[in-house]
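Chains A and B are the protein sequences, given in the same order. Read the first sequence against our numbering and you will find it ends at 489, with the numbers running on by one and no gaps. Read the second sequence against our numbering and you will find it ends at 501, with the numbers running on by one and no gaps. All residues carry an ideal CB built from backbone N, CA and C; glycine is no exception. Computed from a predicted structure; not experimentally measured. Accompanying notes for the structure given below.
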Amino acid sequence: MAVLSEEQSMLRDAAKSWVQEKSPVTAFRKMRDSGAELGYDVAAWNEMAEMGWAGVIIPEEYGGSNFGYLSLGLILEELGRTLTASPLLSSGLAAASALILGGSDAQKSEWLPKIAEGTVVGALAIDEGPHHNPEKVATVFKDGKITGKKTFVLEGMAAGIIIVSGKGPDGLGLYLVKGDDKGVKRHKLSLADSRGAANIDFNGAAAEPLSGGAALIDKVLDRARAGVAAEMLGSAVQAFETTLDYLKVRVQFGQVIGSFQALQHRAAKMFTDLELSRSAVEAALAAIDADSPDVPELVSLAKAKMGDTFHLVSNEMVQMHGGIGMTDAHDAGFYLKRARAAEAAFGNQAFHRDRYAKIQGY
Amino acid sequence: MADFGGTDLEAFRTEAREWIAANFPAALKGRGNMMMREERAEPDADQEAWRKAMGDKGWGVPTWPAAYGGGGLEPAQARVVQQELNKAGAYNPIGGMGVMMFGPTLLEYGTEAQKQEHIPPIVRGEIAWCQGFSEPGAGSDLASLQTKAEDKGDHFIINGQKIWTSGAQWADWCFCLVRTDTSKKHEGISFVLFTMHQPGVEVRPIPLIAGSSPFCETFFTDARAEKKDLVGPLNGGWTIAKRLLQHERSGLTGAGGGLGGGGKPLEQLAKDYVGVDAQGRIADSDLRTRLVANAINWRAFQQTAIRAMMESKGNAGPSSATSIMKNAGTQLIQERQEMTLEIMGHQGLGWEGEDFTKDELEAVRGWLFGKAFTIFGGSQEVQSNIVSKRILGLPDLTQNH
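As structure tokens, then:
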């Protein structure tokens, strides 16, 4: 665990106790069973926003607390433990980052306070095909209007503003589009992890450019990737702890199955990978806070490593629980499904291993 | 080796081809067997006719003895039948647990009367069987099962609970492991048969992580099994159970790949979804490396299946090599299922809806259901124990339990 400031410790403890009390996995199950249109519980999101979580990275002058990305990562990690679905990542991290880094004073003044108080949800629309590929953009910005198709937009149904990548007169860049523009047509996706996502068609929707061009896309994506990785860390840690508990109570052959060395070694391997992953995730978040030049490589490292670890742990969770882990009544399947979706979000392991190699020059 | 041809076999091939042409309804061409579906529709007239034709001919179980309605064919002839069915786009309509596990076991351990009663309906596909083995407290440690059968003279009264009884909601009969002696573990288990159509049997399907499933919880409250339906000696069921599990495992991972692995080749799927570079290679080199590693292992697995089949020819049943096959095969299948989703990317995350193709949605459900392959039919861990202890001769620390 990173060395935390007093404020960060308090934030993490507050997040931990809220999540355990108000948003256990049973809350996620309830949300899924209800077929919630937005893919999250709106009342729970309002509570999070009231606690200031949506404004953790937003400067104080725009209604935030300016605590930084490591602090936000601590909250995302706690939310990840119980698979709490919320727009915090899309809105309070990704869309907020785009505005903080590339917004004009007017854009910041108009949107950041609303994002910070949770009254507006922001979303990031980058991909146009089945795979994360931020350089492959057919969406076009011309004369104040944007046209194109975006896929797999997280919280796309809830979004009041959408930050869209597109090709303008000066090359690739990000554009701000209002969700209620009549040129915006969204289609809800029903995904295995039950989270809110949409395919969105932009058909001459009014769009305002953010400044920063293609470099801004990278910066915003790296922040989103680090945020997903933090959430994945929490999910993986919880999946591991739940499994570890089971190894200590399930009896077969007259002894708890955790007494079998074959399983002990697999548990030790998971623990090892979780420790490595935590270091990678925290280093990426800290680098963002320090505005360090090695953010891209540290983020790709974290997303690749964390993806492998969550993949391993969620699969072992099912396997080590055996038959009961295969049932819908058990939580293991939720972690397995979430791992798959989180791996694919903003670049899977293969994408980030390749990117890491490119950054390192091999 | 007769397998590789000869005039007799060619004559038989002609006979098989003509019989299939005369009996297989053209409307069914290319359609899969309904046996594997989670939700079964009522068979239509063509499907019924095909089942009856194959059932009367005995070719659904081509190597089973003709005395009980089976095809009575040599293995080489059976392969010819399969090849000709494939060529005609025809499926084998005779299947299920009766064919895969229970029938071969009963042929080996049943009395003449039991075989005469139970084998012909399996051959004709008239009776569906389910397997009452696992219990909530007896998974990998199957022999710790608690479902109790009380001796009532000419019958047993059965009380207890089974879990993972695949197809119990459609089954007519159950082959079941019950405890007939509580003072011993393995030596207190008997193997009994009874009808599922009786008041003391209650079946509840279990929703799985992949959605609805063929698996059930099955409860027995004073259910009745006739004494004549005890297979093998009283308290001698464990030996029979172990044999049956060998048949189950070989059925799950035989050369035909009972667990699937069909569909579009992964490399083609990857080209379609990921694209290719200037040399025609899959654009994602990381994925390409893992695909080829799996493909090489998959090929070696198939070669091993064929080798095991050739080597065991003349033996009565599956060899101990089947334990290796299950772990090797299931791991490869799970890898392929994972890579299928990775190839499909965001499209490989769909749960339902028209934004995803049928293949994409099936890939997701298949990936989830596939996680059970290393759990049921002898978990990955139990299989590894069998290999390390029975085959490699390493000490067994669980043998006292």
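| Asked | Found |
| --- | --- |
| List, from N- to C-terminal side, the alpha helix (DSSP H) runs of 4 residues or more that fit wholly inside the segment 112-166 of chain B. | 145-157 |
| Taking residue 471 of chain A as the reference, which of A/254, A/136, A/328, A/417 has the closest Cα? | A/254 |
| With DSSP as the reference, please indicate the residues paired to residue 268 of chain A in a beta bridge. | A/273 |
| Does the segment 335-343 of chain A come within contact of the segment 222-229 of chain A, defined as at least 3 CB pairs closer than 8 Å? | yes |
| Any idea if residue 493 of chain B is buried or exposed, counting beta-carbon neighbours within 10 angstroms, 16 or more meaning buried? | exposed |
| Rounding to the nearest angstrom, what Cα-Cα distance links residue 102 of chain B and residue 150 of chain B in this structure? | Only weak support exists for where residue 102 of chain B lies, its pLDDT of 41 falling under 50; the value from the coordinates is given anyway. Near 30 Å, if we compare the C-alpha coordinates of residue 150 of chain B and residue 102 of chain B. |
| How would you write the range of the beta strand (DSSP E) that residue 279 of chain B sits in, first residue to last? | 273-279 |
| Using a Cβ-Cβ distance cut-off of 9 Å, determine whether residue 387 of chain B contacts chain A. | yes |
| Quickly, what does DSSP pair residue 341 of chain B with across the bridge? List them, please. | Paired residue(s): none; residue 341 of chain B is not in a bridge. |
| Alpha carbon to alpha carbon, what distance is there between residue 386 of chain A and residue 447 of chain A? | 13 Å |
| To the nearest angstrom, report how far apart residue 160 of chain A and residue 421 of chain A are at their CA atoms. | 42 Å |
| Please list the residues of the segment 364-391 of chain B that have a C-beta atom closer than 8 Å to any C-beta atom in chain A, keeping them in chain order. | 373, 374, 384, 385, 386, 387 |
| Could you spell out where the alpha helix (DSSP H) holding residue 478 of chain A opens and where it closes? | 476-487 |
| Which of helix, strand or coil does DSSP assign to residue 180 of chain A? | helix |
| From residue 361 of chain B to residue 441 of chain B, what distance separates their C-alpha atoms? | Its pLDDT being 48, under 50, residue 361 of chain B is placed unreliably by the model, and nothing is read from it. |
| Hey, is residue 292 of chain A's beta-carbon within less than 9 Å of any beta-carbon in chain B? | no |
| DSSP three-state label for residue 302 of chain A, please. | strand |
| Taking the alpha-carbon positions, what's the residue 274 of chain B to residue 144 of chain B distance? | 26 Å |
| Starting from the Cα of residue 146 of chain B, find the closest Cα among B/287, B/447, B/191 and give me that residue. | B/191 |
| Buried or exposed, going by whether 16 or more other CB atoms sit within 10 Å of the CB of residue 402 of chain A? | exposed |
| Could you please tell me which residues of the segment 307-332 of chain A, in chain order, have their CB closer than 9 Å to any CB of chain B? | 314, 315, 316, 317, 318, 319, 320, 321, 324, 326 |
| Using a Cβ-Cβ cut-off of less than 8 Å, give me the residues of the segment 255-268 of chain A that come near chain B, in sequence order. | 256, 257, 258, 259 |
| In terms of DSSP beta bridges, what is residue 326 of chain A paired with? | A/314 |
| Leaving out five residues on either side along the sequence, give the residues of the same chain with a beta carbon under 6 Å from the beta carbon of residue 186 of chain A. | 193 |
| What does residue 480 of chain B reach in chain A if we use C-beta pairs closer than 9 Å? | 446 |
| Where does residue 251 of chain B sit, in a helix, a strand or coil, going by DSSP? | strand |
| So, at 7 Å on beta carbons, what are the nonlocal neighbours of residue 227 of chain B in its own chain, with the 5 sequence-adjacent residues on each side left out? | 198, 221, 272, 273 |
| Could you tell me the boundaries of the alpha helix (DSSP H) in which residue 376 of chain A lies? | 340-376 |
| Taking the Cβ atom as the reference point for each residue, do residue 331 of chain B and residue 318 of chain B lie within a distance shorter than 9 Å? | no |
| By a C-beta neighbour count over all protein chains shown, 10 Å radius and 16 as the cutoff for buried, is residue 298 of chain B buried or exposed? | exposed |
| For residue 332 of chain A and residue 437 of chain A, which I take to be in contact (beta-carbon distance under 8 Å), what is that distance rounded to the nearest angstrom? | Not quite, the Cβ-Cβ distance comes to about 35 Å (not below 8 Å), so this is no contact. |
| Under a three-way DSSP split, which group does residue 301 of chain B fall into? | strand |
| Looking at the structure shown, is residue 192 of chain B part of a helix, part of a strand, or coil, going by DSSP? | coil |
| Which chain B residues sit within Cβ distance under 8 Å of residue 463 of chain A? | 309, 468, 471 |
| Return no unless some Cβ of chain B is closer than 9 Å to the Cβ of residue 481 of chain A. | yes |
| Do you know how far the Cα of residue 321 of chain A is from the Cα of residue 464 of chain A? | 9 Å |
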